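Following: one structure in structure tokens, then a few remarks.
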Amino acid sequence: MDVSDQDRITPATPQSRWRRPALLALAILLLATGYYIYQQSFPDAVEPPASTESPISVDLPPIVPAQPKAADIPQQTVQQQEQEPSLPSLADSDDFLRLHWQDLGLPDDTQAWSQGDFLLQRATTFIDGLAQGAVLRKFTPLDNSPFLQPKPPFKVIKNNGEIWLDETNFDRYKPAITFLVSMQPEHLAQLFHWLRPLLEAAYGELGQPPEQFGNQLITGLGQILATPDIDAPIKLKRESVLYQFADPAFESLPDVQKLLLRIGPQNRQQLKDWSESLKNALLAEQALD
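Spelled out as structure tokens, the structure:
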């Protein structure tokens with residue numbers, strides 16, 4: 400799509416200042432949140448005894464979710480200020496990232512994430528899927544993240560033969576959301592160009608135009624921002640062993656937006672506010688000086 404000049408950043412040169420690989424941190428944090436939420440997608444639930452009291456139900460208008468508007472992350476040339484280490488080839492990037500993992504500024508518990516293979520390729524593929532509204536679980540390196548795992552079981556409420564999402568589930572998602580929004584959007588935006596050549600190379604391996612990777616990142620954030628704001632009891636139905644939204648308008652949403660409906664209004668608003676700040680910071684030319 401066409402975008403205005405102010406929505407572009409010129410490409411970073413190889414002489415840009417030494418910066419920590421914060422975009423990988425961003426990608427992995429998005430992976431963490433997506434994986435964390437995905438694996439909690441209406442599993443077998445603990446069902447309390449049926450209640451005769453009906454929850455307060457609100458008639459919701461039909462939902463026509465906003466379509467995320469793609470915008471190229473502008474590229475900007477950064478003046479050389481100090482010597483930086485040369486980036487490796489994409490093939491050697493795993494070892495390079497493991498060597499510099501402490502520079503990511505992530506909690507110590509994430510060290511296990513660096514032991515996977517194809518770290519940048521996985522991050523790039525996940526973000527590409529996110530831009531399309533998908534949550535690609537198999538591209539996450541986060542199986543060994545106990546500090547993000549929810550403790551209580553997933554719960555539903557049964558009233559008069561109807562199934563409702565138990566709002567006590569929302570607390571299960573707070574650790575992951577808190578972990579993600581603790582990263583400063585402005586800081587991530589300022590450090591964006593450091594790994595961009597490798598990420599674009601990984602995106603090119605998907606058969607996509609490498610220069611469009613920044614656009615996909617913005618579009619992925621747009622998917623989050625386009626999630627409907629629902630602050631009312633959510634009715635479910637059971638299909639096979641999993642639960643689905645009873646409202647077809649909810650069930651037809653992109654996967655990432657359905658996941659964000661399940662985490663509750665407060666968590667969702669935190670994530671949307673953070674995503675908006677990050678999007679603005681990425682698109683702000685002055686943030687990349």
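Quick note, our numbering runs 399 ahead of the 1-based positions in the sequence shown. Backbone N, C-alpha and C fix where the C-beta goes; we use that ideal spot for every residue, glycine too. Source: prediction; values computed, not measured.
Practice problem: Look at Ile-662 and Trp-563 and say whether their C-beta atoms are less than 8 Å apart. | Solution: Against a cut-off of 8 Å, the Cβ pair of Trp-563 and Ile-662 comes out as no contact.
Quiz item: To the nearest angstrom, how far is it from the Cα of Ala-625 to the Cα of Glu-675?
Solution: If I take the Cα positions, the gap works out to 11 Å.
Practice problem: Mind checking which residues open and close the alpha helix (DSSP H) that includes Glu-599? | Solution: Per DSSP, Glu-599 belongs to the alpha helix (DSSP H) from 595 to 604.
Quiz prompt | contact_flag[the stretch 565 to 575, the stretch 656 to 670] where n(CB pairs < 8 Å) is 3 or more | solution = yes
Quiz prompt | Of the residues Phe-644, Ala-601, Ile-556, the one placed nearest Ser-492, counting alpha carbons only | solution = Ala-601
Quiz item: Going along the chain, which residues of its own chain have a beta-carbon closer than 8 Å to the beta-carbon of Leu-635, five neighbours each way excluded?
Solution: Phe-441, Val-555, Ile-562, Trp-563, Leu-564, Tyr-642, Gln-643, Phe-644, Ala-645
Quiz item: How close, in whole Å, do the beta carbons of Glu-599 and Glu-610 come, if the pair is a contact with beta carbons under 8 Å?
Solution: 7 Å
Quiz prompt | Distance between Pro-487 and Asp-672 (C-alpha atoms, nearest Å) | solution = Separation of Asp-672 and Pro-487 (C-alpha to C-alpha, rounded to the nearest whole angstrom) is 34 Å.
Practice problem: Could you have a look at Phe-553 and say whether DSSP puts it in helix, strand or coil? | Solution: coil
Quiz item: Of the residues Asn-559, Phe-569, Gly-560, which one's Cα is nearest the Cα of Phe-553?
Solution: Phe-569
Quiz item: By Cβ distance, which residues of its chain are closer than 6 Å to Gln-656, with the 5 residues on each side in sequence left out?
Solution: Same-chain partners within the cutoff: Thr-626.
Self-check item: Between the CA atoms of Ile-526 and Leu-519 - distance to the nearest angstrom
Solution: 11 Å
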